[in-house]
């Protein structure tokens, strides 16, 4: 399977919005070309896309956070990991996660953290297979401005 992983482009807005709507049933989801354009110039936030035959089939949002605990080594937060339902269980998510891990290693990140909805057991199994552990930390969320 010929898969390419790149940063999102402003022209990807509609495709990404449709993909997010598969992930979360929320009518307020709105991906704009303007927001994607801002991300292309941001050295701390990255919206990666996995493409198969030029179609976006997966995405993940990565934030690099400066940290003072370990000198100049940052840490990373990974969010909104979505693989199109038609392309799940084909290795695409695994390739996207491996790409992100390599990217973070190159930046000398100390860790990658992610949150997942508590009821997404299949996703949790996938994250464990990718090397993530849920045994050491608990995530907490305070939804504001929604």
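In the numbering used here, the protein residues as written are 99 to 244.
In this text, a Cβ means the ideal position worked out from N, Cα and C, and glycines have one as well.
Nothing here was measured: the structure is a model prediction, and the numbers come from that model.
Provide the residue span of the alpha helix (DSSP H) that contains residue i, from first to last.
i	result
residue 186	No alpha helix (DSSP H) contains residue 186, which DSSP labels as neither H nor E.
residue 251	The structure shown does not extend to residue 251, since the chain is modelled only from 99 to 244, so the question has no answer here.
residue 161	Counting along the chain, residue 161 falls outside any alpha helix (DSSP H), though it belongs to the beta strand (DSSP E) covering 153–163.
residue 213	Element bounds for residue 213: n/a, residue is neither H nor E.
residue 101	First-last for residue 101: 101–105, but that is the beta strand (DSSP E), not the alpha helix (DSSP H).
residue 231	Careful: residue 231 lies outside any alpha helix (DSSP H) and carries neither H nor E.
residue 130	From DSSP, residue 130 is part of no alpha helix (DSSP H); its letter is neither H nor E.
residue 113	111–121
residue 225	219–227
With C-beta atoms as the reference, is residue i less than 9 Å away from residue j?
i	j	result
residue 213	residue 156	no
residue 190	residue 198	no
residue 172	residue 134	no
residue 208	residue 165	yes
residue 232	residue 206	no
Compute the beta-carbon to beta-carbon distance between residue i and residue j, rounded to the nearest angstrom, for a pair I have assumed lies under 8 Å.
i	j	result
residue 115	residue 129	4 Å
residue 55	residue 174	Since the first residue of the chain shown is 99 and the last is 244, residue 55 is not available in this structure.
residue 143	residue 158	At roughly 12 Å, the Cβ-Cβ gap does not stay under 8 Å, so residue 143 and residue 158 are not in contact.
residue 106	residue 136	Contact doesn't hold; Cβ gap of about 11 Å is too wide.
residue 120	residue 183	6 Å
residue 150	residue 185	7 Å
residue 131	residue 111	5 Å
Could you pull the start and end residues of the beta strand (DSSP E) that residue i belongs to?
i	result
residue 144	143–150
Going by other Cβ atoms of all chains shown within 10 Å of its Cβ, with 16 needed for buried, is residue i buried or exposed?
i	result
residue 102	exposed
residue 47	Shown here, the chain extends from 99 to 244; a query on residue 47 therefore has no answer.
residue 224	buried
residue 238	exposed
residue 242	exposed
residue 181	buried
residue 146	buried
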